[in-house]
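Numbering (the numbering used here), first residue to last: 42 to 186.
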(Lines of atoms letter the chains of each structure in order from A and count residues from 1; the text may use other names and numbers.)
(Lines give C-alpha, C1' and ligand atoms only; values in the text may rest on other atoms or scores of the structure.)
Protein backbone atom coordinates (compact mmCIF):
# COMPACT_ATOMS: atom_id res chain seq x y z
CA UNK A 1 0.00 0.00 0.00
CA UNK A 2 1.44 3.37 -0.96
CA UNK A 3 2.23 6.03 1.58
CA UNK A 4 -0.55 8.30 0.28
CA UNK A 5 -3.13 5.52 0.51
CA UNK A 6 -2.07 4.83 4.10
CA UNK A 7 -2.39 8.50 4.99
CA UNK A 8 -5.87 8.71 3.43
CA UNK A 9 -6.95 5.56 5.28
CA UNK A 10 -5.56 6.86 8.57
CA UNK A 11 -7.36 10.20 8.11
CA UNK A 12 -10.65 8.43 7.34
CA UNK A 13 -10.34 6.22 10.43
CA UNK A 14 -9.46 9.22 12.56
CA UNK A 15 -12.52 11.10 11.27
CA UNK A 16 -14.79 8.12 11.99
CA UNK A 17 -13.37 7.81 15.48
CA UNK A 18 -14.25 11.42 16.22
CA UNK A 19 -17.95 10.91 15.47
CA UNK A 20 -20.32 10.26 18.37
CA UNK A 21 -21.66 6.71 18.69
CA UNK A 22 -25.15 7.96 17.83
CA UNK A 23 -23.93 8.75 14.31
CA UNK A 24 -23.59 5.03 13.63
CA UNK A 25 -27.12 4.08 14.75
CA UNK A 26 -30.44 5.11 13.34
CA UNK A 27 -32.51 6.71 16.07
CA UNK A 28 -36.04 5.32 15.84
CA UNK A 29 -37.59 7.64 18.43
CA UNK A 30 -39.51 9.54 15.74
CA UNK A 31 -40.19 6.50 13.56
CA UNK A 32 -43.94 5.81 13.46
CA UNK A 33 -43.30 2.16 12.54
CA UNK A 34 -40.28 0.62 14.33
CA UNK A 35 -41.85 -2.78 13.53
CA UNK A 36 -40.43 -2.64 9.99
CA UNK A 37 -36.82 -2.75 11.22
CA UNK A 38 -36.81 -6.36 12.41
CA UNK A 39 -38.33 -9.54 10.93
CA UNK A 40 -41.48 -11.03 12.41
CA UNK A 41 -41.24 -13.72 15.08
CA UNK A 42 -42.34 -16.38 12.56
CA UNK A 43 -39.95 -15.29 9.80
CA UNK A 44 -38.37 -18.26 7.96
CA UNK A 45 -34.98 -16.53 8.11
CA UNK A 46 -35.18 -16.28 11.90
CA UNK A 47 -36.13 -19.97 12.18
CA UNK A 48 -33.27 -20.91 9.82
CA UNK A 49 -30.80 -19.02 11.97
CA UNK A 50 -32.01 -20.68 15.17
CA UNK A 51 -32.14 -24.25 13.81
CA UNK A 52 -28.75 -23.87 12.08
CA UNK A 53 -27.03 -22.62 15.25
CA UNK A 54 -28.70 -25.32 17.36
CA UNK A 55 -27.64 -28.07 14.92
CA UNK A 56 -24.03 -26.90 14.94
CA UNK A 57 -23.74 -26.50 18.72
CA UNK A 58 -21.83 -28.89 20.94
CA UNK A 59 -23.96 -32.03 21.52
CA UNK A 60 -23.04 -32.14 25.21
CA UNK A 61 -24.32 -28.60 25.72
CA UNK A 62 -27.83 -29.61 24.61
CA UNK A 63 -27.84 -32.98 26.42
CA UNK A 64 -27.26 -34.97 23.24
CA UNK A 65 -30.29 -33.55 21.40
CA UNK A 66 -29.48 -33.45 17.69
CA UNK A 67 -31.88 -30.92 16.20
CA UNK A 68 -34.97 -28.76 16.40
CA UNK A 69 -37.59 -30.59 14.33
CA UNK A 70 -40.36 -28.00 14.43
CA UNK A 71 -41.17 -24.56 15.81
CA UNK A 72 -44.81 -23.69 16.51
CA UNK A 73 -47.08 -21.67 18.82
CA UNK A 74 -45.11 -18.54 17.96
CA UNK A 75 -46.01 -15.43 19.94
CA UNK A 76 -44.55 -11.93 20.04
CA UNK A 77 -43.97 -10.78 23.61
CA UNK A 78 -42.74 -7.23 22.96
CA UNK A 79 -41.30 -4.81 20.42
CA UNK A 80 -38.95 -2.35 22.09
CA UNK A 81 -37.07 0.58 20.60
CA UNK A 82 -34.99 3.33 22.23
CA UNK A 83 -35.09 1.84 25.72
CA UNK A 84 -32.18 2.16 26.47
CA UNK A 85 -30.49 1.10 23.20
CA UNK A 86 -31.29 2.78 19.87
CA UNK A 87 -31.63 -0.69 18.31
CA UNK A 88 -35.10 -2.14 17.78
CA UNK A 89 -35.61 -5.50 19.52
CA UNK A 90 -38.45 -7.98 19.04
CA UNK A 91 -38.96 -10.51 21.83
CA UNK A 92 -40.71 -13.78 21.01
CA UNK A 93 -41.74 -17.10 22.51
CA UNK A 94 -42.41 -20.40 20.73
CA UNK A 95 -42.65 -24.11 21.37
CA UNK A 96 -39.91 -26.27 19.89
CA UNK A 97 -40.20 -29.96 19.08
CA UNK A 98 -36.80 -31.57 19.53
CA UNK A 99 -35.26 -34.65 17.96
CA UNK A 100 -35.53 -36.55 21.26
CA UNK A 101 -39.35 -36.25 20.86
CA UNK A 102 -39.67 -33.72 23.69
CA UNK A 103 -40.99 -30.20 23.39
CA UNK A 104 -39.91 -27.13 25.32
CA UNK A 105 -40.47 -23.39 25.44
CA UNK A 106 -37.99 -21.29 23.51
CA UNK A 107 -37.51 -17.56 24.03
CA UNK A 108 -35.71 -15.51 21.42
CA UNK A 109 -34.80 -11.94 20.64
CA UNK A 110 -34.39 -10.49 17.16
CA UNK A 111 -32.22 -7.40 17.22
CA UNK A 112 -31.87 -4.92 14.39
CA UNK A 113 -28.47 -4.91 12.67
CA UNK A 114 -26.73 -6.43 15.65
CA UNK A 115 -24.59 -8.99 13.84
CA UNK A 116 -20.92 -8.61 13.01
CA UNK A 117 -20.33 -5.04 11.77
CA UNK A 118 -24.15 -4.71 11.61
CA UNK A 119 -24.31 -6.72 8.39
CA UNK A 120 -27.16 -8.95 9.53
CA UNK A 121 -29.79 -9.03 12.22
CA UNK A 122 -28.89 -10.63 15.52
CA UNK A 123 -30.97 -13.54 16.78
CA UNK A 124 -30.36 -14.83 20.29
CA UNK A 125 -32.34 -17.79 21.60
CA UNK A 126 -32.69 -19.84 24.75
CA UNK A 127 -34.55 -23.13 25.13
CA UNK A 128 -35.86 -23.38 28.66
CA UNK A 129 -34.18 -26.18 30.58
CA UNK A 130 -31.34 -26.53 28.04
CA UNK A 131 -28.97 -23.84 29.28
CA UNK A 132 -26.70 -25.73 31.70
CA UNK A 133 -24.17 -22.90 31.96
CA UNK A 134 -26.90 -20.27 32.50
CA UNK A 135 -25.66 -18.23 29.55
CA UNK A 136 -29.14 -16.70 29.29
CA UNK A 137 -30.02 -17.11 33.01
CA UNK A 138 -31.84 -20.12 34.43
CA UNK A 139 -35.16 -18.87 33.09
CA UNK A 140 -33.89 -17.38 29.80
CA UNK A 141 -34.31 -13.85 31.17
CA UNK A 142 -31.64 -12.29 28.94
CA UNK A 143 -33.77 -12.91 25.84
CA UNK A 144 -37.09 -11.93 27.41
CA UNK A 145 -38.48 -8.40 27.76
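The beta-carbon is built from N, C-alpha and C at its ideal position, and this holds for glycine as well.
- Using a Cβ distance threshold of 7 Å, residue 147 and residue 132 do not count as a contacting pair.
- In this chain, the beta strand (DSSP E) harbouring residue 135 covers 130-139.
- In the DSSP annotation of this structure, the continuous segment of the alpha helix (DSSP H) that includes residue 87 starts and ends at 85-96.
- Residue 106 carries a coil assignment under DSSP once its states are collapsed to helix, strand and coil.
- For the pair residue 108 and residue 144, the Cα-to-Cα distance works out to about 12 Å.
- If you ignore the 5 residues before and after residue 105, its C-beta comes within less than 8 Å of the C-beta of 141, all in its own chain and listed in chain order.
- With a beta-carbon spacing of about 17 Å, residue 185 and residue 128 fall beyond the 8 Å limit used to define contacts.
- The three-state secondary structure of residue 78, taken from DSSP, is helix.
- Under the DSSP assignment, residue 163 falls in the beta strand (DSSP E) whose first and last residues are 163-168.
- Leaving aside the five residues that flank residue 183 on each side, the residues in its chain whose CB is nearer than 6 Å to its CB run, in chain order, 177.
- Shortest Cα-Cα distance from residue 91 to any of 135, 77 and 122 involves 135.
- Residue range 144-152 is occupied by the beta strand (DSSP E) that includes residue 145.
- Per DSSP, reduced to three states, the secondary structure at residue 184 is helical.
- Contact between residue 137 and residue 112 holds: their C-beta atoms lie close to 5 Å from each other, under 8 Å.
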